[in-house]
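Keeping their order, the protein sequence lines are chains A and B. Just remember that this note's numbering sits 348 ahead of the position in the first sequence, which is counted from 1. Just remember that this note's numbering sits 1 ahead of the position in the second sequence, which is counted from 1. To start, the structure under review is shown below, and the notes come after it.
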Amino acid sequence: MARGSPSIVCDSSSLISLTDSCFVHAIYFLAKNFRGKFIIPPSVEYECVTHPRKVKMHALHALRIARSIRDGMVEVLELEDYSAEKKILFYANNSFFSRGRPLELLHRGEAEALALASELGLRDILIDERTTRVLAEQPREYAGHLSKEFGGDLRIDERNLDGFLGMVSGMRFYRSSEILLLAYERGYFDDYGNMKEEALEAALYKLKYSGCAITENEIGQAAAMIRER
Amino acid sequence: MGLALSDAAKNTAAYFFSHDVQGMRKMHDQLLESVAIEYDDALYRLALITYVLSKILSKPRYWQENKSAKYWGMVKKRLENCSALAGNGKNTQALRQLVMVHQHVTDAEEHDRRFISGLFSKAAVKAASTFYAKGLSLGRSAELTGIDKREILSYAGTTAMNERLEGGVELAQRMRHLRALFG
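This is how it looks when you write it as structure tokens:
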């Protein structure tokens, strides 16, 4: 894969939201005219396919993603060098301290998606998981949240936080809701005819209830945006 | 300085004995906060127990039933044992007492599956979702509790817990970038 190509690295959270709400075909729909690829690291494949495939309750969702991998819509790529993942984990998990203890915030899976994007020279990440996204985009707001949740004695290690922000600098994050909105703009809901706006709003709520971190206010903004276009 | 197991178990026993639902819920919140900062197996197990006991206490008709009374007596005794053992630094034995508390509640469940069925699983899903809402990542919350990410996402999505942490780039800006990416 060429460095800097217009591909997007996906975290498991977005694939879970899309499959649980039965919108995985939005990926097929968008992939038709996409020069890049939807890429996942092996840990995401494990979380979304290998493991849930053995659990009856989740097997169908796992098979939907397995099929999209088989069909070449989603590509699994392994990190060649794990040092970036380790650095991301270290910086993120030693940036905030409560009661003198470092708050271990991120997990290997999230760090691996960021590291893979970095290694491939990609800056676009599909992630419904909210912590990683807000930490990378608005670390001060995130610190305010932690301070509220952990009782106000939060200490920030600025050097480690800067280290983390340096690793994710220039990255752009999207949620499954934006993928669905883009698919809508390109005709994915057209067969709903004059009900398509209502269908989109219902679909965004379905994503929200499946765990996509989109607020009601943002769903309202999305509805206004499509009316304006 | 984190929450001490001996104090937490002692307070849990006291709240259970005095049927103090509010106190039990507050204990549960303190335990979850402590576990989020620094994971400890015994404190996590006690957090699940306090959730289940708060649910039991909130239904007087349940804990007032004679057929369950002997189990609740054993629960209280085990919690007191746990506190004493943890106070003496015998953490492994203290943890074993908590395993027995779990067992006694499960034994009581056999007499009333209708109410208690699945309370421990529900407690774990709620704990995982609380960690996520507090600001730990989804993966980290799943790792601490052993709960599948799907269940956490679903719980957080339906309860609006996600919205406790707002922020990030505007939707319109994300859409501009995404349109540019897809050409």
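Glycine included, every Cβ here is placed at the ideal spot set by N, Cα and C. In this text, all values refer to a predicted model and were calculated from it rather than measured experimentally.
Asked, Found
"A:F386 - containing beta strand (DSSP E), residue span", "386-388"
"Identified DSSP bridge partners for A:I356", "A:F386"
"Simplified DSSP assignment, three categories, for A:L502", "coil"
"Beta-bridge pairing of A:Y343 - partner residues as DSSP gives them", "As displayed, chain A neither begins before 349 nor continues past 577, which places residue 343 of chain A out of reach and without an answer."
"Separation of A:Y532 from B:G184, as counted between CA atoms", "15 Å"
"Rounded straight-line distance, which links the Cα of B:K60 to that of B:A109", "14 Å"
"A:R449 at chain B interface by Cβ criterion, 7 Å", "yes"
"Three or more C-beta pairs below 8 Å linking the segment 478-497 of chain A and the segment 378-388 of chain A", "no"
"Candidates A:L502, A:C560, A:C370, of which the one nearest B:T159 by Cα", "A:C560"
"Cβ-Cβ distance between B:L1 and A:R478 below 7 Å", "In this structure chain B extends from 2 to 184, so residue 1 of chain B is not present and cannot be described."
"Host beta strand (DSSP E) of B:V22 (start-end)", "Where B:V22 is concerned, there is no enclosing beta strand (DSSP E), although the alpha helix (DSSP H) it sits in stretches over 22-38."
"Pair within 7 Å by beta-carbon distance, B:V102 and B:V126", "no"
"Three-state class that DSSP yields for A:S446 in the structure shown", "strand"
"Exposure label - A:H399; buried when at least 16 CB within 10 Å", "exposed"
"When A:Y376, A:F386, A:L530 are compared against A:V590, the one with the closest alpha-carbon", "Residue 590 of chain A is absent from the model: chain A starts at 349 and stops at 577."
"Which listed residue (B:K123, B:L154, B:L120) has its alpha carbon closest to that of B:Y133", "B:L154"
"Closest by C-alpha distance to A:D472, when choosing among A:Q486, A:R523, A:E549", "A:R523"
"Check: A:H493 C-beta below 6 Å from any heavy atom of the ligand ZN", "Ligands in the displayed structure: none, and consequently the ligand ZN is not present."
"Start-to-end residues for the alpha helix (DSSP H) that takes in A:E423", "Here A:E423 belongs to no alpha helix (DSSP H); instead the beta strand (DSSP E) covers 422-424."
"Environment of A:N542 [buried if 16+ CB atoms lie within 10 Å]", "exposed"
"Rounded straight-line distance, which links the Cα of A:L509 to that of A:P289", "Chain A is shown only over 349 to 577; residue 289 of chain A falls outside these bounds and no answer can be derived."
"Touch test, the segment 454-466 of chain A against the segment 415-433 of chain A, Cβ-Cβ under 8 Å, three pairs minimum", "yes"
"DSSP-derived helix/strand/coil call for A:G469", "coil"
"Contacts of A:F498 in chain B (Cβ-Cβ under 9 Å)", "E34, A37, I38, K135, G136"
"Chain-ordered residues of the segment 154-171 of chain B with a beta carbon less than 9 Å from chain A", "L154, S155, Y156, A157, G158, T159, A161, N163, E164, R165, L166, E167, G168, G169, V170, E171"
"Cβ-based burial, B:K150 [other Cβ within 10 Å; buried from 16]", "buried"
"For A:N442 and A:D505, believed in contact at Cβ under 8 Å, the rounded distance", "6 Å"
"Assigned exposure category for B:L179 - 16 Cβ within 10 Å defines buried", "buried"
"When A:A410, A:H406, A:L483 are compared against A:Y439, the one with the closest alpha-carbon", "A:L483"
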